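Trainee: Each residue of the first sequence is one higher than the last, beginning at 8 in this note's numbering. Ideal Cβ positions, reconstructed from N, Cα and C, are used throughout, including at glycine. Because the structure is a prediction, the values reported are computed rather than measured. Okay, handing you the structure first.
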Amino acid sequence: MAADLPCDDAGVCMVCGVAAPSEVDLLRCSTCATPWHSPCLSNPPALSEAAIWSCPDCSGDPVAPAAPAAGGELVAAVRAIEADTTLSDAEKARRRQNILAGRSAASAPDDDVDDSAEDDVLNIFGRSFSCAFCMKLLDRPVTTPCGHNFCLKCFNRWTHNGASACGKCRRPIPYKMVQQPRINSAIVSAIRAARMSKNTNPAAAGSSAGSHHYIQNVDRPDRAYTTERAKRGGKANASSGQIFVTTAPDHFGPILAEHDPRRNTGVRVGETWEDRLECRQWGAHLPHIAGIAGQSRFGAQSVALSGGYEDDEDHGEWFLYTGSGGRDLSGNKRTNKEQGFDQTFVKMNEALRQSCLRGYPVRVVRSHKEKRSSYAPELGVRYDGIYRIEKCWRKIGVQGTFKVCRYLFVRCDNEPAPWTSDDHGDRPRPLPNIPELKDATDINERDERPSWGYDEKEGRWKWMYEPPTSRKPVRTGLRPKTGKQARKRARSDEMPNDPEKLLNEFSCCICFQVMAEPLTAPCGDSFCKACLLGAYDNQSSVRERSHGGRTLRAQKIVKRCPSCATDISDFLADPQINRDIMDVIESLQRKGDTTTKDDAASYGYGADKAEEFRGGDLQEEADPEMDAEDNSESDTDADASCGRTVVGIKDQEGQQLQPQKRKGGVAIIGTDDGPSKRITASADVEQKGNKSHE
DNA sequence: TAGCAAGAGTTT
DNA sequence: AAACTCTTGCTA
Numbered sequence: 008m009a010a011d012l013p014c015d016d017a018g019v020c021m022v023c024g025v026a027a028p029s030e031v032d033l034l035r036c037s038t039c040a041t042p043w044h045s046p047c048l049s050n051p052p053a054l055s056e057a058a059i060w061s062c063p064d065c066s067g068d069p070v071a072p073a074a075p076a077a078g079g080e081l082v083a084a085v086r087a088i089e090a091d092t093t094l095s096d097a098e099k100a101r102r103r104q105n106i107l108a109g110r111s112a113a114s115a116p117d118d119d120v121d122d123s124a125e126d127d128v129l130n131i132f133g134r135s136f137s138c139a140f141c142m143k144l145l146d147r148p149v150t151t152p153c154g155h156n157f158c159l160k161c162f163n164r165w166t167h168n169g170a171s172a173c174g175k176c177r178r179p180i181p182y183k184m185v186q187q188p189r190i191n192s193a194i195v196s197a198i199r200a201a202r203m204s205k206n207t208n209p210a211a212a213g214s215s216a217g218s219h220h221y222i223q224n225v226d227r228p229d230r231a232y233t234t235e236r237a238k239r240g241g242k243a244n245a246s247s248g249q250i251f252v253t254t255a256p257d258h259f260g261p262i263l264a265e266h267d268p269r270r271n272t273g274v275r276v277g278e279t280w281e282d283r284l285e286c287r288q289w290g291a292h293l294p295h296i297a298g299i300a301g302q303s304r305f306g307a308q309s310v311a312l313s314g315g316y317e318d319d320e321d322h323g324e325w326f327l328y329t330g331s332g333g334r335d336l337s338g339n340k341r342t343n344k345e346q347g348f349d350q351t352f353v354k355m356n357e358a359l360r361q362s363c364l365r366g367y368p369v370r371v372v373r374s375h376k377e378k379r380s381s382y383a384p385e386l387g388v389r390y391d392g393i394y395r396i397e398k399c400w401r402k403i404g405v406q407g408t409f410k411v412c413r414y415l416f417v418r419c420d421n422e423p424a425p426w427t428s429d430d431h432g433d434r435p436r437p438l439p440n441i442p443e444l445k446d447a448t449d450i451n452e453r454d455e456r457p458s459w460g461y462d463e464k465e466g467r468w469k470w471m472y473e474p475p476t477s478r479k480p481v482r483t484g485l486r487p488k489t490g491k492q493a494r495k496r497a498r499s500d501e502m503p504n505d506p507e508k509l510l511n512e513f514s515c516c517i518c519f520q521v522m523a524e525p526l527t528a529p530c531g532d533s534f535c536k537a538c539l540l541g542a543y544d545n546q547s548s549v550r551e552r553s554h555g556g557r558t559l560r561a562q563k564i565v566k567r568c569p570s571c572a573t574d575i576s577d578f579l580a581d582p583q584i585n586r587d588i589m590d591v592i593e594s595l596q597r598k599g600d601t602t603t604k605d606d607a608a609s610y611g612y613g614a615d616k617a618e619e620f621r622g623g624d625l626q627e628e629a630d631p632e633m634d635a636e637d638n639s640e641s642d643t644d645a646d647a648s649c650g651r652t653v654v655g656i657k658d659q660e661g662q663q664l665q666p667q668k669r670k671g672g673v674a675i676i677g678t679d680d681g682p683s684k685r686i687t688a689s690a691d692v693e694q695k696g697n698k699s700h701e
């Protein structure tokens, strides 16, 4: 592949490094307006073509070599459609889609996406959920603060080539979003719901029915702390709370309903916990510090991705993991990131190698501490399902001196990943191309049938051999359930098959109604405009400070997302409506109107509710000093409300709204028929975090 | 039982 | 921020 790169934000050519290419040498792409240094192009255009030149990113697909140079013709064809004033927007979209569908069918043989089915799903949403770059149905949608939606891959390709403005409206994209774009969960679940309603195959539908990606922890830990000292030192010093599942510590594979007498659901993909200790209590990943759970002689059961090793590389469905060790941690140097010696295949690294050789299923959890991945949760620790280690090897780490152990993890779970809109789990996929393998030593891969494999007949992943027998006793405070105690899951898991049910996917996290004027914050959470802005109505964006009669520099006030507590104050300064979501909501409401007029009335806009919310005085409630007192009560509160705690937002009727700020507190906002989300809040809403990314 | 571990709160 | 300190759980 030719190493064609554009000029960066400062106008510096990323190939030759020349600071300010002269106007003569500067070429601007006629499609995306990105500047390029003409002498550094592998295939520069003739002078006569410079005005209509399309850059290598727009005219071809550099990451999909199977797509031939026909890209230029495609762009020309798309432009011809755009220029045709006789066509309506819908017709233009339809024609663009047709052209691009032809290309995808030819260039991506391993892509099992059925284009006509995709088209159906697009139609359900009035074609609003198509990516502005690839024109296809949004895949892992991310939303810019200006309210435009793109596939994550398209967005990354766009920004990695130096663009820092929205591809649709040219407004600047915040640095933080360029670094770590967040998946828009509302769009993901809406598309999935639409797929489910199209899917008449009960087996496929059943495999992921009810896979919620924000599962409330109905049962709070019974005993998270055991000693007085632990209470003083916070959770870091806490001994483990009760283990709720009946799996042995060396249990391989998913945690099923039969291992979960408390809830009878098992650990589902997308389940999120506040921290590693809570994750441990549900058996997904037992060690509370270490990233790898396993035994060198038998294999590894689970890993955590939490950003501790800079060599890691996360692509969602597959990732490259780094082994542990190689660091000098003597003398309580817990945080030493520097490598002091080579990693070798011993201890946990050997356990992972064993799982690789035998093709064992490995549970994967991602932590919010992983700051370089779009697939990491915003908060807490999330279970992402089963992966298999397809290969492992050693190579010099990015620090450049010592070797690290490397593992290629590929997802193979029967439930879809939290970031995809797929209505089914994984299918066997070809291994990704790993360039670093050519410099690798000690390459291992399994040479026999994997223990965890895909059954083509049944269409699901399962044990191909008997799972390895446990060598450890079950540690749990609960006896395994008896036949009498075993309750069947009281869930109908009925998926939406009409516009009104689909509308439920667009609920505002504040008023629980279908969103009116939807806003998507950079963290990926969506709200009614009135609800979100109403929540901060009485707050100014900066605090004037004075000291001894002098006026000091104004301090920015942090405003946290009501759902995930990310600072969204920059977004709130100029929030833009997500028009695509709004169009979809309106079109679904129109469809609903024509079918059942009476029912449609119940899907009211949230603005009225938001009006009520504004009655609550946020600033007074936000006084940090209130929290200390409040804190001692928090556990009691949680217990008293059947595990469904609503912190801050009192109830659905909107009597009171306040930000979530209980120290270490976890709250669940949920309704019986609406989506539920766990939210964690910190006590220092306005105390810390007064620095912002610029 | 020593030593390690991709944690977390507090202090500097 | 980084350093320091406090811990527990697990492997070997």
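How would you write the range of the beta strand (DSSP E) that W468 sits in, first residue to last?
Mentor: Mapped onto the first sequence, residue 468 falls at position 461. Element bounds for W468: 467-470.
Trainee: Taking the alpha-carbon positions, what's the N224 to K402 distance?
Mentor: For the purposes of this step, residue 224 is taken as residue 217 along the first sequence, with counting starting at 1. For the purposes of this step, residue 402 is taken as residue 395 along the first sequence, with counting starting at 1. Reliability of the predicted coordinates at N224 is poor, the pLDDT of 36 falling under 50, and the value obtained from them is presented with this limitation in mind. Inter-residue distance for N224 and K402 is about 41 Å (C-alpha atoms, whole angstroms).
Trainee: Measure how close the beta-carbons of A297 and S309 come, nearest whole angstrom, since I'm counting them as under 8 Å.
Mentor: Position 290 of the first sequence, counted from the start, is the residue given in the question as residue 297. Position 302 of the first sequence, counted from the start, is the residue given in the question as residue 309. About 10 Å separates the two Cβ atoms, so there is no contact after all.
Trainee: Between the Cα of G333 and the Cα atoms of E324, G323, M355, Y390, which residue gives the shortest distance?
Mentor: Here residue 333 refers to the residue found at position 326 of the first sequence. Checking every option, the nearest Cα to that of G333 belongs to M355.
Trainee: Using DSSP with H/G/I as helix, E/B as strand and the rest coil, what is N356?
Mentor: Residue mapping note: residue 356 aligns to position 349 of the first sequence, counting from 1. If DSSP states are grouped into helix, strand and coil, N356 belongs with the helices.
Trainee: Note down the Cα distance separating V19 from A307, rounded to an integer number of angstroms.
Mentor: Within the first sequence, residue 19 is the residue found at index 12, counting from 1. Within the first sequence, residue 307 is the residue found at index 300, counting from 1. Looking at the two C-alpha atoms, the distance is approximately 47 Å.
Trainee: According to DSSP, is H266 helix, strand or coil?
Mentor: Indexing the first sequence from 1 puts residue 266 at position 259. It is helical.
Trainee: Hey, would you say S428 sits closer than 8 Å to I198, going by beta carbons?
Mentor: As a first step, residue 428 is located in the first sequence; it is residue number 421 there, counting from the start. As a first step, residue 198 is located in the first sequence; it is residue number 191 there, counting from the start. Cβ distance < 8 Å, so S428 and I198 count as in contact.
Trainee: Span of the alpha helix (DSSP H) holding C399?
Mentor: Indexing the first sequence from 1 puts residue 399 at position 392. Premise fails: C399 lies in the beta strand (DSSP E), 388-403, not in any alpha helix (DSSP H).
Trainee: With a threshold of 16 other CB atoms inside 10 Å of the CB of Q186, please say whether the residue is buried or exposed.
Mentor: The residue labelled residue 186 in the question sits at position 179 within the first sequence. So Q186 counts as exposed.
Trainee: Can you name the start and end residues of the alpha helix (DSSP H) that H167 belongs to?
Mentor: Counting from one through the first sequence, the residue named residue 167 turns up at place 160. Per DSSP, H167 belongs to the alpha helix (DSSP H) from 159-167.
Trainee: Taking the CB atoms as reference points, tell me whether D321 and E377 lie closer together than 8 Å.
Mentor: The residue you call residue 321 lines up with position 314 of the first sequence. The residue you call residue 377 lines up with position 370 of the first sequence. The answer is yes: Cβ separation under 8 Å.
Trainee: On the DSSP bridge list, what partners appear for S533?
Mentor: Here residue 533 refers to the residue found at position 526 of the first sequence. Looking at the DSSP assignment, S533 forms a beta bridge with T527.
Trainee: Can you tell me whether DSSP reads L444 as helix, strand or coil?
Mentor: Here the question's residue 444 lines up with position 437 in the first sequence. L444: helix per DSSP, three-state reduction.
Trainee: Measuring straight from C-alpha to C-alpha, what distance separates Q249 and Q288?
Mentor: As a first step, residue 249 must be located in the first sequence, where it is residue number 242. As a first step, residue 288 must be located in the first sequence, where it is residue number 281. Cα to Cα, Q249 sits roughly 6 Å from Q288.
Trainee: Out of G315, D505, N585, D574, point me to the one whose CA is closest to R202's CA.
Mentor: As a working mapping, residue 202 is identified with position 195 in the first sequence. Here the closest residue by C-alpha is D505.
Trainee: Does the pairing of the stretch 522-540 with the stretch 583-596 give three or more beta-carbon distances under 8 Å?
Mentor: The stretch 522-540 vs the stretch 583-596: in contact.
Trainee: Using the Cα positions of A629 and C176, report the straight-line distance between them to the nearest angstrom.
Mentor: Reading the first sequence from its first residue, position 622 is the one you call residue 629. Reading the first sequence from its first residue, position 169 is the one you call residue 176. Confidence in A629 is poor, its pLDDT being 33 and thus under 50, which makes the residue's placement unreliable; the coordinate value appears in the next sentence. If you take the alpha carbons of A629 and C176, they lie about 36 Å apart.
Trainee: Since K205 sits in a beta bridge, which residues does DSSP pair it with?
Mentor: To locate residue 205, count along the first sequence from 1; it is residue 198. In DSSP, K205 forms no bridge with anything.
Trainee: Checking 8 Å against the spacing of the C-beta atoms, do I396 and Y414 come in under that value?
Mentor: Within the first sequence, numbered from 1, the residue matching residue 396 stands at position 389. Within the first sequence, numbered from 1, the residue matching residue 414 stands at position 407. In this structure, I396 places its C-beta atom within 8 Å of the C-beta atom of Y414.
Trainee: Let me check understanding here. Comparing Cα to Cα, which of L34, C158, C515, S303 lies closest to K536?
Mentor: Along the first sequence, read from residue 1 onward, the residue named residue 536 stands at position 529. If we check each option's Cα against that of K536, C515 comes out closest.
Trainee: I'd like the list of long-range same chain contacts for L539, defined as Cβ closer than 6 Å, with 5 residues on each side in sequence excluded.
Mentor: Translated into positions along the first sequence, residue 539 becomes position 532. Only L526 meet the Cβ criterion.
Trainee: So D146 is in the alpha helix (DSSP H); what residue range does that whole segment cover?
Mentor: Counting from 1 along the first sequence, the entry for residue 146 is found at position 139. Careful: D146 lies outside any alpha helix (DSSP H) and carries neither H nor E.
Trainee: Taking W468 as the reference, give the member of D335, P480, R418, A447 with the closest Cα.
Mentor: As a working note, residue 468 is residue 461 in the first sequence. That would be R418, whose Cα lies nearest to the Cα of W468.
Trainee: When DSSP builds the beta bridges, which residues end up paired with E422?
Mentor: Position 415 of the first sequence holds residue 422. E422 pairs with nothing; no bridge assigned.
Trainee: With DSSP as the reference, label N130 as helix, strand or coil.
Mentor: As a working mapping, residue 130 is identified with position 123 in the first sequence. Three-state result, N130: helix.
Trainee: Between H266 and V276, how many whole angstroms is the CB-CB distance? I'm expecting something under 8 Å.
Mentor: The residue labelled residue 266 in the question sits at position 259 within the first sequence. The residue labelled residue 276 in the question sits at position 269 within the first sequence. Rounded, the Cβ-Cβ distance is 15 Å, inconsistent with contact.
Trainee: Looking at the structure shown, is I584 part of a helix, part of a strand, or coil, going by DSSP?
Mentor: As a working note, residue 584 is residue 577 in the first sequence. In this structure, I584 counts as strand in the three-state DSSP scheme.
Trainee: Just to confirm before moving on: does the CB-CB distance between V149 and R189 stay below 8 Å?
Mentor: Position 142 of the first sequence, counting from 1, holds the residue named residue 149. Position 182 of the first sequence, counting from 1, holds the residue named residue 189. Going by C-beta atoms, V149 is nearer than 8 Å to R189.
Trainee: Would you mind stating whether D391 and V372 have Cβ atoms separated by less than 8 Å?
Mentor: Taking the first residue of the first sequence as position 1, residue 391 is located at position 384. Taking the first residue of the first sequence as position 1, residue 372 is located at position 365. Yes, the pair counts as a contact, with Cβ atoms nearer than the cut-off.
Trainee: Could you pull out every unbroken beta strand (DSSP E) segment of at least 3 residues lying fully inside the stretch 241-318, listed in chain order?
Mentor: 299-302, 306-312
Trainee: Go to L509, then tell me how far its beta strand (DSSP E) extends in each direction, as first and last residue.
Mentor: The sequence position of residue 509 within the first sequence is 502, counting from 1. It is not in any beta strand (DSSP E) - L509 instead sits in the alpha helix (DSSP H) that spans 506-510.
Trainee: In or out: S639 buried (at least 16 other Cβ within 10 Å) or exposed?
Mentor: In the first sequence, counting from the first residue as 1, residue 639 sits at position 632. Low confidence applies to S639: its pLDDT is 33, below 50, so where it sits in the model is not reliable enough to give any reading.
Trainee: Does DSSP put Q626 in a helix, a strand or coil?
Mentor: For the purposes of this step, residue 626 is identified with residue 619 of the first sequence, where counting begins at 1. Only weak support is given to the placement of Q626: the predicted model assigns it a pLDDT of 31, under 50, and the value that follows is read from those uncertain coordinates. If DSSP states are grouped into helix, strand and coil, Q626 belongs with the helices.
Trainee: Going by DSSP in three states, D335 sits in which element: helix, strand or coil?
Mentor: For the purposes of this step, residue 335 is taken as the residue at position 328 of the first sequence. The answer is coil: DSSP assigns D335 none of H, G, I, E or B.
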